[in-house]
Amino acid sequence: MNTSPRQIILADADSFFASCERVFHPQLAHTPLVVLSNNDGCVVARSAEVKKMGIPEGIAWFKIREQAQRDGIVARSSNYELYASLSSRMMNVMSTFFPHQTVYSIDECFFDVQADTVTLVETSTRMREAVWQGLDLPISIGIAPTHTLAKVVSHWSKHYRGVRGIMTWDEAVSTDSHFLAHVPVGDVWGVGRRLAPKLMAMGILTAQDLRDSDAVLLRKKFGVHIQQTIFELRGISCIRIDDEDNALHGRRTTQIMCSRMFSHPIYSASELRQAVSVYTQKALHRLTAQESLCSYVSVFCSTSRFKEQELASHIHGTVALNEPTNDPLALTQAACRCIDGQFTVGAAYVRAGVILHGLIDEADYQPLDVFSAHTDTALSDVLETARQRFGDFRIGVGYGGIRGQGRMDQDTGAHWSMKREHLSARATTRWSEMATVHA
Amino acid sequence: MGIPTALESVHAGFPSVAQDYFSGDFSFDTNVIVHPDTSFVVRVAGSSMEGAGIYDGDLLIIDRSLTPQQGDVVIAALDGDLTVKRLLSDTQGNPVLHAENPAYPDIQLYFDESVTLWGVVIGNYHPQCARVYA
């Protein structure tokens, strides 16, 4: 019997979007780099160099454009296809090192393991090297008795001590037994932007304050999530990571993921589509809750990488939607299209995930009203005939027929509406955009 | 005392039904690409590797999970560009990037910290009939 304590490993990529932009562009290795949101509106990801310059996340691009020019900051439009492709590869590589992987977002996953710390650190080190060598992506790892503490140590090692790599809870506490007193309460996973000021008004300023608070009292005031967070800070594992109600605590996000291990392996394409449909609708639930629309859907499905003897299959795809939407039908259809034709007969799929990205505020979106919500099939026949005769992007519904600037999506023409002046090549998902090497 | 051993292994029990199982035609890329998660396809521009059978416009398959060894054809990040060359060592044993075309000089790696190896080339695809892709 394994008597080692249960441990949670958090692995997350450092500045993931920025790191992805560097994979095929080594000249950007040490260049300050920002990734912009839809329409190149604001900064959604920053490289370490940009963080050091004090440029905050979320700042409008036009506000820093001049500084960017002066300081040599390179801007990229969000390249969702590239990020989803590299994310899927990264998760697959990591899944060979530990069982029980839970992909939590596009750039982070948890492992729920039972082993001594020395073994975990050793295996984590190899995992980190494999991701770095195999994909050029730097990751940080936190190892702790609970998800919340794993988040704390990973976050701490990255942001405060500048130490890249692996940090364990044991190590953190042995260095400083009041370690949690240095962590602002707002940085604790699960304490959202709305809750932090309320806690601070009660004198709860740090993670340590929160840990030592009256859990019952705070539950009465703020709900069950805060009690779970308090227990987790005390080292009592009680968050189930695959329960999406727990996962985000109502925080507004720029991307929504729903990913699960199946209770039993799936062998049929129709069942896999069902699972993907269900996860899409779970993700959609969160999308509507935060009043966003989504422009891209990515899906990944994979077999267990831990069982080497079995037939392996890892499929993923990204679909650009015709227009930002929260329409369940459109999103479900798009999600299923992501994996169409990729199913491997005989493979035992054990997990799937759906990512909704390219999120925009519903309130900010103004479709061409005259054409909206028109679902006449006769019209689509006419459009299809016209498309076949005259080619893509000549005619379409609403914005769909307008030729936009920049790179257009070959399938949907969907980038018409989005300003994406700084889009890098989709080097792993588009044949025509593969990287060039000089000989 | 020697124990006689059979030269071939003996299959015991019922043959597995799974043995005759197939799922359609074989796939070229899953047989060629051994580590799909860490492999990339890139296009060649230039003629410095013609001696290795790598021509302008060829496709290269890179497997980044492999650690570069002497003699491998590698991709190196050189002055910010990705470059394909053969990894060799000079007479002092220092690594060099060797062009497989006498018209191109070798590149010394010894003192140059700006050069990093990006991946190992496991094969190239050289089209022989351009009109089929036209």
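So the protein lines, in turn, are chains A and B.
Residues in the first sequence are numbered consecutively from 1, following UniProt numbering.
Residues in the second sequence are numbered consecutively from 1, following UniProt numbering.
Yeah, the Cβ is synthetic: ideal placement off N, Cα and C, and Gly gets one too.
Distance between beta carbons of residue j and residue i, contact taken as under 8 Å
i: T318 (chain A); j: L311 (chain A); result: Incorrect: roughly 24 Å between the Cβ atoms, too far for contact.
i: L356 (chain A); j: I256 (chain A); result: 4 Å
i: L117 (chain B); j: V74 (chain B); result: 5 Å
i: A439 (chain A); j: I54 (chain B); result: 6 Å
i: L82 (chain A); j: T428 (chain A); result: 6 Å
i: S424 (chain A); j: R76 (chain A); result: 6 Å
i: R260 (chain A); j: Y279 (chain A); result: 7 Å
i: S78 (chain A); j: V35 (chain A); result: 6 Å
i: C109 (chain A); j: A11 (chain A); result: 6 Å
Coarse secondary structure for residue i, derived from DSSP in three states
i: Q208 (chain A); result: helix
i: L329 (chain A); result: helix
i: V297 (chain A); result: strand
i: T116 (chain B); result: strand
i: R89 (chain A); result: helix
i: H285 (chain A); result: helix
i: L135 (chain A); result: helix
i: S19 (chain A); result: helix
i: D81 (chain B); result: strand
i: G186 (chain A); result: helix
i: H25 (chain A); result: coil
i: V74 (chain B); result: strand
i: V32 (chain B); result: helix
i: D361 (chain A); result: strand
i: A84 (chain A); result: helix
i: L180 (chain A); result: helix
i: V50 (chain A); result: helix
i: H30 (chain A); result: coil
i: P197 (chain A); result: helix
i: I266 (chain A); result: strand
i: T436 (chain A); result: strand
i: Q228 (chain A); result: helix
i: P5 (chain A); result: coil
i: V191 (chain A); result: coil
i: residue 448 (chain A); result: With chain A covering only 1 through 439, there is no way to say anything about residue 448 (chain A).
i: A275 (chain A); result: helix
i: Q92 (chain B); result: coil
i: Y133 (chain B); result: helix
Sheet register partners of residue i (DSSP bridge)
i: P102 (chain B); result: None, per the DSSP bridge assignment.
i: N124 (chain B); result: B:L60
i: M257 (chain A); result: A:I355
i: L97 (chain B); result: B:L87, B:I107
i: E108 (chain A); result: A:D12, A:S105
i: C42 (chain A); result: A:A60
i: A215 (chain A); result: For A215 (chain A), which the question treats as bridged, DSSP gives no partner whatsoever.
i: S77 (chain A); result: A:L36
i: S39 (chain B); result: B:D63
i: G142 (chain A); result: A:L10, A:M167
i: G317 (chain A); result: A:V299
i: Q67 (chain A); result: Bridge partners of Q67 (chain A): none, in fact.
i: Q114 (chain A); result: A:R6
Under 7 Å by beta carbon: chain A residues contacting residue i
i: L60 (chain B); result: V437
i: S48 (chain B); result: A439
i: A91 (chain B); result: Inspection of the sequence shows that residue 91 (chain B) is occupied by Thr rather than by Ala. Neighbours of T91 (chain B) on chain A: none; closest Cβ ~25 Å, over 7 Å.
i: I122 (chain B); result: Per Cβ cutoff of 7 Å: no residues; I122 (chain B) is ~14 Å from chain A at best.
i: G53 (chain B); result: In chain order: nothing, as chain A lies at least about 11 Å away.
i: R86 (chain B); result: Those within 7 Å of R86 (chain B) in chain A number zero; the least Cβ separation is about 11 Å.
Interface partners of residue i on chain A, CB under 9 Å
i: G71 (chain B); result: Neighbours of G71 (chain B) on chain A: none; closest Cβ ~17 Å, over 9 Å.
i: I75 (chain B); result: V437
i: L97 (chain B); result: The premise fails here: L97 (chain B) is roughly 11 Å from chain A at the closest Cβ pair, so nothing lies under 9 Å.
Where residue i meets chain B, residues with beta-carbon distance less than 9 Å
i: M434 (chain A); result: F40, V41, V42, R43, L59
Partner residues on chain B for residue i, Cβ-Cβ distance less than 7 Å
i: T428 (chain A); result: F40
Chain-ordered neighbours of residue i on chain A, where CB pairs are closer than 8 Å
i: D106 (chain B); result: Within chain A, no residue comes near D106 (chain B); the closest Cβ sits about 14 Å away, beyond 8 Å.
i: D25 (chain B); result: Ordered by position in chain A, no residue passes the 8 Å Cβ test against D25 (chain B), which lies about 12 Å from the chain.
i: residue 135 (chain B); result: Residue 135 (chain B) lies beyond the residue range present for chain B, which begins at 1 and ends at 134; the question has no answer from this structure.
i: R64 (chain B); result: Q133, G134, L135, D136
Could you name the residues of the region 28 to 45 of chain B whose beta carbon sits closer than 8 Å to any beta carbon of chain A, in the order they occur along the chain?
-> Those would be H35, P36, D37, T38, F40, V41, V42, R43, V44, A45, in chain order.
Near-chain B residues of the region 25 to 41 of chain A - C-beta to any C-beta below 7 Å | For the region 25 to 41 of chain A, the set of residues with a beta-carbon nearer than 7 Å to any beta-carbon of chain B comprises P26, Q27, in chain order.
Note down, in chain order, all residues in the region 63 to 77 of chain A with a beta-carbon under 9 Å from any beta-carbon belonging to chain B.
-> Contact annotation: in the region 63 to 77 of chain A, no residue has its CB less than 9 Å from a CB in chain B.
Check each residue of the region 129 to 149 of chain A: if its Cβ is closer than 8 Å to any Cβ of chain B, include it; give the result in chain order.
-> The region 129 to 149 of chain A vs chain B, Cβ under 8 Å: A130, Q133, G134, L135, D136.
Going along the chain, which residues of the region 86 to 103 of chain A sit with their C-beta nearer than 7 Å to a C-beta in chain B?
-> Of all residues in the region 86 to 103 of chain A, those with a C-beta nearer than 7 Å to a C-beta of chain B are R89, N92, V93, reading in chain order.
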